[in-house]
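Written below as structure tokens is the structure these notes are about.
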Amino acid sequence: MAICWAKNVLLSWICLGIQICIAYNPVCKPRTYHQKMAEVSDSLVIIPTYNERENIEKVLQIVFSLPKDFHVLIVDDSSPDGTAGLVSQLMEKYPGKLFMESRKGKLGLGTAYIHGFKWALKRDYRFIFEMDADLSHNPGDLVRLYRECAENGYDLAIGSRYIDGVNVVNWPMGRVLMSYFASIYVRMITGMPVHDTTAGFKCYRREVLEALDLDSVRFTGYAFQIEMKFTAWKMGFNITEVSIVFTDRTEGESKMSSGIFQEAVLGVIKLRWRSITNPKRYQKPS
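Residues in the sequence shown are numbered from 23 upward in steps of one, following the working numbering.
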């Protein structure tokens, strides 16, 4: 009788200990589905959109099927084709992973990324990506860019069309030559050792964006991409290029214009002049 009584007491204490562990220890407490989905990834992919309804669902399906867990922020500029409405529906399919910021009017690529950067820096993301919505950037290359920063210690990893020849598919020869020689022009003016200076497929370490004065970034199109790389390089951050294949969009309309190209040509000269006349701008904050 005494042995049975002792066993019962022991079992009671064990059950009580398990209940206390579950109630007060988050490690022991089982997580619900929504808690698991809300876990913070260390990586956020920012995708600006304007009339990308035909492409955005395909892009998101690929990103969320990757072996590495990425979160995605869509920055939509009031797309007339209903891109934002579709993304809102998809947010129910990908809870805790897909987010959207809607802006009033077409405000430009550069300001969309700045908006996304600030959104990311208010949260705990360690690696922040730029990527197009039209599948010209292969979402599978996100993992390669991530590894360069997370495992190999680089501060900025660039998906480069020109580090290993010319890897562009479905572009007219005139546009290929314009883009290729534009990068040569930028390197000559700035001295920046980057082959694909206008590339828009990138991974930043958080520390890079924290060090940059995002409110002072002036350009919006290709010049925005050049300015971000140039500023990071002048501030002494480590940059690498990862060879990718760029495939021109098959659906939707290109946002490229003569105004964007002109901004890039003139903007490079302004960047170089600013770096000479105001070198303190490129000092890392202590």
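Every residue gets a Cβ at the ideal spot worked out from N, C-alpha and C, and that includes glycine.
Reference residue i, options the options, closest by Cα
i: residue 255; options: 197, 203, 231 and 89; result: 231
i: residue 197; options: 306, 108, 107 and 270; result: 270
i: residue 97; options: 305, 143 and 131; result: 131
i: residue 88; options: 101, 74 and 119; result: 119
i: residue 247; options: 76, 154, 100 and 146; result: 154
i: residue 101; options: 114, 127 and 91; result: 127
i: residue 138; options: 99, 164, 173 and 111; result: 99
i: residue 291; options: 93, 171, 211 and 140; result: 211
i: residue 129; options: 233, 151 and 72; result: 72
i: residue 309; options: 262, 251, 93 and 202; result: Outside the shown range of the chain (23 to 308) lies residue 309, about which nothing can therefore be said.
i: residue 245; options: 205, 235 and 227; result: 205
i: residue 172; options: 161, 190, 184 and 147; result: 147
i: residue 304; options: 267, 266, 260 and 235; result: 235
i: residue 140; options: 183, 95 and 168; result: 95
i: residue 266; options: 302, 218 and 252; result: 218
i: residue 192; options: 157, 161 and 166; result: 157
i: residue 65; options: 168, 181 and 293; result: 168
i: residue 86; options: 74, 76, 112 and 239; result: 112
Three-state class that DSSP yields for residue i in the structure shown
i: residue 195; result: helix
i: residue 86; result: coil
i: residue 159; result: coil
i: residue 303; result: helix
i: residue 123; result: strand
i: residue 288; result: helix
i: residue 40; result: At residue 40, the pLDDT of 44 sits below 50, so the modelled position is not reliable and the matter cannot be decided from this model.
i: residue 185; result: coil
i: residue 80; result: helix
i: residue 308; result: coil
i: residue 297; result: helix
Residues bridged to residue i [DSSP beta-bridge criterion]
i: residue 149; result: 65 and 227
i: residue 340; result: Residue 340 cannot be examined here, being either before or after the span of the chain that is shown, 23 to 308.
i: residue 70; result: 97
Where the beta strand (DSSP E) through residue i begins and ends
i: residue 179; result: 178-182
i: residue 92; result: Note, residue 92: premise wrong, no beta strand (DSSP E); not H, not E.
For residue i, the first and last residue of its enclosing alpha helix (DSSP H)
i: residue 136; result: 131-143
i: residue 173; result: Counting along the chain, residue 173 falls outside any alpha helix (DSSP H), and DSSP gives it neither H nor E.
i: residue 115; result: 105-115
field: Contiguous beta strand (DSSP E) assignments of at least 3 residues, all confined to the region 197-268
entry: The region 197-268 contains these whole beta strand (DSSP E) runs: 224-227 and 261-265.
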